[in-house]
Amino acid sequence: MTERKCLECGSPLESVAGCRDYLNEMIKWDFEDFTGVGKVHHLTVLSYNLQHPSLYSPKGLEDAKASLQEFFRHPESFNRHNEWNKKKLASNVRDWKITGTSENHGVYVSVPTWKITASDVVRAGLPHYVENVKAWTDSVLKSLIESGNIDSTS
Ligand SMILES: [Zn+2]
């Protein structure tokens, strides 16, 4: 029997129906403690979506890459972004689902090699969640630069 893996990010799927289950678990953590660990929610969704580019429209993927670079350039503006309430958080979750379609969605010019994926963050558990999401986001940026999908000089 071959090991089931997510076709987009490569997460092993042996204990879940699909990769989306990992995201749902993290969103659950965000909602249960949205003023605590929920502060990284934006990064969780961004990292997950960037590893699943078909969720985005082509334009949406460009915006997401820009928003990732913006985070590393100005982390403090991102923190202001994070002064949300539960309602904003909910609309954030809803927004990204409506972008890509099967005929029209984001693709990378060359497929990045992901070093950390959603399954790693979930498996390490809630006590390490915040630090792992930061490491995850960092690794997503590095993989996108290494694969030529983000220009590191821009
Ligand atoms: Zn995946």
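Residue numbers (the working numbering): -2 to 151.
Quick reminder that beta carbons are idealized off the backbone N, C-alpha and C, glycines included.
Nothing here was measured: the structure is a model prediction, and the numbers come from that model.
For ligand 1, no non-hydrogen atom lies closer than 7 Å to the CB of Ala121. In this structure, the alpha-carbon of Gly7 lies about 22 Å from that of Lys25.
For Ala14, the Cβ stays outside the 7 Å cut-off from all heavy atoms of ligand 1. Around the beta-carbon of Ser116, 16 or more other beta-carbon atoms lie within 10 Å, marking it buried. Short note on Ser140: C-beta not closer than 7 Å to any heavy atom of ligand 1. In the three-state DSSP reduction, Pro72 falls in the helix class (H, G or I). Secondary structure of Pro124 (DSSP, three-state): helix.
Shown here, Pro50 sits in a helix according to DSSP, grouped into three states. In the DSSP assignment, Asp27 falls within the alpha helix (DSSP H) that extends over 17 to 29.
When DSSP states are grouped into helix, strand and coil, Lys139 belongs to the helix group. In the DSSP secondary-structure assignment, Lys2 is bridged to Pro9. In terms of side-chain proximity, the C-beta atom of Glu5 is found nearer than 7 Å to a non-hydrogen atom of ligand 1.
Residue environment for Leu141: buried (at least 16 other C-beta atoms within 10 angstroms of its C-beta). By a beta-carbon distance limit of 8 Å, Val106 contacts Gly145. Their separation comes to about 6 Å. Each of His38, Glu5, Ala14, Glu22 was checked against the Cα of Arg120, and the nearest Cα belongs to Glu22.
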